[in-house]
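Just so we're aligned, residue 2 is where the sequence shown starts under this note's numbering, counting upward by one.
For each residue, glycine too, the CB sits at the ideal point set by N, CA and C.
Okay, so here's the structure we're looking at.
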Amino acid sequence: MSEEIVDVVIHVKVPKKYAEIIQKDVEAKAWYLSHREELFETLKKLKGILKTDKTWKEMKREYYERGID
């Protein structure tokens, strides 16, 4: 990762019951964006290796969703 990393602080008002969910979603999106090149390189290496009926887009979506959990 050759890009400079900066801190971003965003203040929003949300219902208390959603605060943790929103924080996790934002952190997951930030992680994904900072690692996306690595993730897609891994996907390119795996393309054609896995036997599946899923499309390339479905595979990328699942890979991204697993990174969040």
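| field | Local conformation of Ile11 per DSSP, three classes | value | Counting from one through the sequence shown, the residue named residue 11 turns up at place 10. Ile11 carries a coil assignment under DSSP once its states are collapsed to helix, strand and coil.
| Nearest to Asp8 by CA position, among Met60, Glu63, Glu28 and Lys14, is which residue? | What you label residue 8 is simply residue 7 of the sequence shown in a count that begins at 1. Per the Cα distances, Glu28.
| query | Are the region 59-70 and the region 31-45 touching, with three or more C-beta to C-beta distances below 8 Å? | reply | Yes: the two stretches touch, three or more of their Cβ pairs being nearer than 8 Å.
| field | Assigned secondary structure, Lys48 (DSSP; H/G/I helix, E/B strand, else coil) | value | If you number the sequence shown from 1, residue 48 lands on position 47. Coil.
| request: Would you grab the beta carbon distance between Tyr19 and Gly68 for me? Rounded to a whole angstrom, and I think it's under 8 Å. | output: As a first step, residue 19 is located in the sequence shown; it is residue number 18 there, counting from the start. As a first step, residue 68 is located in the sequence shown; it is residue number 67 there, counting from the start. Going by Cβ atoms, the distance from Tyr19 to Gly68 rounds to 22 Å, so no, they are not a contact pair.
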